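Here's the structure, in structure tokens; my notes come after.
Protein chains: 2
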Amino acid sequence: MPDRHTLEETERAMKDHVGDLPLDFAAANALSNLFRAANAVRTELTNRVLRQHDMTWTGFVVLWVVWIWDGMETRHVAESADISKATLTGVVKTLEGRGLIVREGDERDRRLVRLRLTDEGTALMEQIYPEFNAVESEIVSQLSERKVSTFTRTLRDVVKAVELQTDARDEARDEA
Amino acid sequence: MPDRHTLEETERAMKDHVGDLPLDFAAANALSNLFRAANAVRTELTNRVLRQHDMTWTGFVVLWVVWIWDGMETRHVAESADISKATLTGVVKTLEGRGLIVREGDERDRRLVRLRLTDEGTALMEQIYPEFNAVESEIVSQLSERKVSTFTRTLRDVVKAVELQTDARDEARDEA
DNA sequence: AGCAGATCGTTCGGTAACAAACATTTTCCC
DNA sequence: GGGAAAATGTTTGTTACCGAACGATCTGCT
Chain A
1 MPDRHTLEET
11 ERAMKDHVGD
21 LPLDFAAANA
31 LSNLFRAANA
41 VRTELTNRVL
51 RQHDMTWTGF
61 VVLWVVWIWD
71 GMETRHVAES
81 ADISKATLTG
91 VVKTLEGRGL
101 IVREGDERDR
111 RLVRLRLTDE
121 GTALMEQIYP
131 EFNAVESEIV
141 SQLSERKVST
151 FTRTLRDVVK
161 AVELQTDARD
171 EARDEA
Chain B
1001 MPDRHTLEET
1011 ERAMKDHVGD
1021 LPLDFAAANA
1031 LSNLFRAANA
1041 VRTELTNRVL
1051 RQHDMTWTGF
1061 VVLWVVWIWD
1071 GMETRHVAES
1081 ADISKATLTG
1091 VVKTLEGRGL
1101 IVREGDERDR
1111 RLVRLRLTDE
1121 GTALMEQIYP
1131 EFNAVESEIV
1141 SQLSERKVST
1151 FTRTLRDVVK
1161 AVELQTDARD
1171 EARDEA
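As structure tokens, this is what we get:
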């Protein structure tokens, strides 16, 4: 077992293990690269930008969402940040402890909690986000403009493809 | 602040917050879709395949790597699974507790720890992986074959773009 | 031979992540 | 108007996740 493995070696090794079953290597390869790319970008942005401000990835994303949409309700923030509401509760607690965000009850519907940035939180985002976007830009600049738009469109197609499956499953469940 | 926001609304809201600074919206949009897609796929595979076997995403990935490359050293497993070695230690502990994997010292170099699947672990992978790959295949099948290969190539380009930055940074550090 | 430096996996401390169960509040429907 | 059902955010319990510091081991150099 060598240190690094080529795609071909991996495919052969896989075939040895699954036997005769037909596998979709192209799909496996595409999605494994999807995760690899997402991880690489996330790590790079964390190390290069967020770390200096002692900020985690999720903390930053939540802060960003609330920065853009001031006073947003928590369930929408969770959805926008692509995390569960349970996770959001914890993250907000951390950010609140650092004086970057505040929770605010809604008068009309007392189940709701709205989030706002403090002045400190706003100042932080005004400083961090341009840095963050500059690194995003640097990374993407390695691709041609044309490739970027195709890439973005395909990524959206992937999200849609998953939603299609999820919806079909939900409907099937509702039958029962 | 409406419930859902179009891309245009978000861009306008961002401009209101960053003022005159020039932002790279295309880059921000591409990368935000990258994370969205990765999350969606990961959640779908977890819910549809792994959950039934009481298996976490990372646990599965580690198991998969060790299944394919039997006896691999932990640092290489961590690298292949795209997690830190500290995380791997914890995950292996969990998998070991469930009797799916074993740790094995290396005779020659006693710092090393090699990982192997138990019979139970192997049996589990032989069952899960085909299911896993079938769902991967379903998701990707929404895209044309041509799109998939372009997509895969671009994802690799993104990984390379990040590595380029990382390497440049490392070299700059070595100067000092 | 012997010791400075590198390498390897683990531990530690702190944060993130989610499902499920929960209390509170609102809505729906008769 | 009143009770069932739905919606909202929090708590609980478990696992994942990483950087930094650590002890053990190996390598290279002289």
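For the protein sequence lines, the chains are A and B, in the order given.
Numbering of the first sequence is given in my numbering, commencing with residue 1 and proceeding in unit increments.
Numbering of the second sequence is given in my numbering, commencing with residue 1001 and proceeding in unit increments.
The C-beta atom is built at its ideal place from N, Cα and C for all residues, glycine as well.
No experiment lies behind these values; they were computed from the predicted model shown.
With 16 or more neighbouring CB atoms inside 10 Å of its own CB, residue 154 of chain A falls in the buried class.
With 16 or more other Cβ atoms inside 10 Å of its own Cβ, residue 1033 of chain B counts as buried. Here the alpha carbons of residue 1005 of chain B and residue 49 of chain A stand approximately 26 Å from one another. Taking 7 Å as the Cβ-Cβ cut-off, the segment 7–38 of chain A approaches chain B at 10, 13, 14, 17, 18, 21, 23, 24, 26, 27, 28, 29, 30, 31, 33, 34, 35, 36, 37, 38, given in chain order. Residue burial annotation: residue 1047 of chain B is exposed, with fewer than 16 other C-beta atoms found within 10 angstroms of its C-beta. Around the CB of residue 1090 of chain B, fewer than 16 other CB atoms lie within 10 Å, so the residue is classed as exposed. Following the DSSP letters along the chain, one finds residue 1105 of chain B inside the beta strand (DSSP E) bounded by residues 1101–1105.
Residue 143 of chain A and residue 1096 of chain B have their C-alpha atoms roughly 43 Å apart. With contact defined as three or more Cβ pairs closer than 8 Å, the segment 1110–1118 of chain B and the segment 1061–1074 of chain B are in contact. Contact between the segment 116–126 of chain A and the segment 1130–1137 of chain B is absent: fewer than 3 CB-CB pairs across the two stretches fall below 8 Å. Between the alpha carbons of residue 65 of chain A and residue 15 of chain A lies a distance of about 45 Å. Going by DSSP, residue 113 of chain A is part of the beta strand (DSSP E) stretching over 113–117. Distance from residue 44 of chain A to residue 1166 of chain B at the Cβ level is roughly 7 Å; contact confirmed, criterion being Cβ atoms closer than 8 Å. Taking C-alpha positions only, residue 152 of chain A is separated from residue 1140 of chain B by approximately 16 Å. Following the DSSP letters along the chain, one finds residue 1068 of chain B inside the alpha helix (DSSP H) bounded by residues 1057–1068. As DSSP reads the structure, residue 1131 of chain B sits in no beta bridge. Residue B:1036 holds the alpha-carbon nearest to the alpha-carbon of residue 160 of chain A among B:1085, B:1059, B:1107, B:1036. The Cβ of residue 75 of chain A sits no closer than 7 Å to any Cβ of chain B.
At least 7 Å separates the beta-carbon of residue 1038 of chain B from that of residue 162 of chain A. Chain A places a beta carbon closer than 7 Å to that of residue 1139 of chain B, counting this residue as a contact.
Inter-residue distance for residue 1011 of chain B and residue 1025 of chain B is about 7 Å (C-alpha atoms, whole angstroms). Measuring C-alpha to C-alpha distances from residue 42 of chain A to each of B:1028, B:1052, B:1054, B:1018 identifies B:1028 as the nearest. Going by DSSP, residue 1014 of chain B is part of the alpha helix (DSSP H) stretching over 1007–1018. Listed by position along chain B, the residues whose Cβ is nearer than 7 Å to that of residue 147 of chain A are 1154. Shortest Cα-Cα distance from residue 1018 of chain B to any of A:150, A:157, A:126 involves A:126. Cβ neighbours of residue 1169 of chain B within its own chain (closer than 6 Å, five residues either side excluded): none. Counted as a single uninterrupted DSSP element, the stretch harbouring residue 108 of chain A is not any alpha helix (DSSP H), since DSSP gives it neither H nor E. The C-beta of residue 1044 of chain B comes closer than 7 Å to at least one C-beta of chain A.
At a Cβ-Cβ threshold of 7 Å, residue 1030 of chain B and residue 148 of chain A count as neighbours.
In this structure, the CA atom of residue 1068 of chain B is about 19 Å from the CA atom of residue 1085 of chain B. Membership of residue 84 of chain A in any alpha helix (DSSP H) is not indicated, and neither H nor E is assigned to it by DSSP. The beta carbon of residue 1092 of chain B sits closer than 8 Å to the beta carbons of 1062, 1074, 1101, 1103, 1115 from its chain, once the five residues preceding and following it are set aside; these are given in chain order.
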